[in-house]
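Asker: In my numbering, the protein residues as written are 27 to 157. C-beta: ideal position from N, C-alpha, C; glycine also. Note that the structure is a prediction, hence the values are computed from the model and not measured.
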Amino acid sequence: MALRRRPNTLSREQSLGSIPLRNEAIEVAPTEDGSVRLIIPRRETRWVKALSRLFTIPERRPLTLDEIGSFVWNLCDGQHTVRQIVKALCGRYRLHRKEAEVSVVTYLRQLAKRGIIGIAVARAPKENAPS
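#1: Just tell me which of Glu39, Glu53, Ala126 and Lys124 has its CA closest to the CA of Arg87.
#2: Exposed or buried, what is Glu127 when buried is set at 16 or more other beta-carbons lying within 10 Å of its beta-carbon?
#3: Tell me, which residues are paired with Gly144 by DSSP?
#4: With Val131 and Ser41 assumed to form a contact (beta carbons below 8 Å), what rounded beta-carbon distance in angstroms separates them?
#5: Between the Cα of Asp92 and the Cα atoms of Leu80, Thr57, Ile65 and Leu77, which residue gives the shortest distance?
#6: Could you give the C-beta distance for Arg212 and Glu85, rounded to a whole number, given that I count them as a contact under 8 Å?
#7: Which one of Val112, Ala55, Arg123 and Lys75 has the shortest CA to CA distance from Gly43?
#8: Look at Tyr119 and Gly95 and say whether their C-beta atoms are less than 8 Å apart.
Take a look at the structure:
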């Protein structure tokens, strides 16, 4: 039986202090109604290459974000932490902090799983580090 390493989990404070960064390979185009359209390039894995010989698989895929998604996307500029995005969302859409926090964290997690954003997490200080 092989032992599996447990993935590093972040504390709530580390998660809220992290900074979402946009994937530079993704093209961004504003739409007429003010929302954001992302043009996502195809991932070139072995399976995709093999399937693209058999089927027509587009090189790029568009994804249009809704109003709130566009608002969050515009704040994923490498300058704002997740906590700051939650605070801005609460102020603009009059949401409770906890409701906005859960929504933003879930949304950012989905974007990160798709490779649309990356998350920069500050390292936790080592407990045994000399002062």
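Answerer: This is what the structure holds:
#1: Glu53
#2: buried
#3: Leu47
#4: 7 Å
#5: Ranking the options by Cα distance to Asp92, first place goes to Thr57.
#6: Because the chain is modelled from 27 through 157, residue 212 falls outside the range shown and cannot be assessed.
#7: Val112
#8: no
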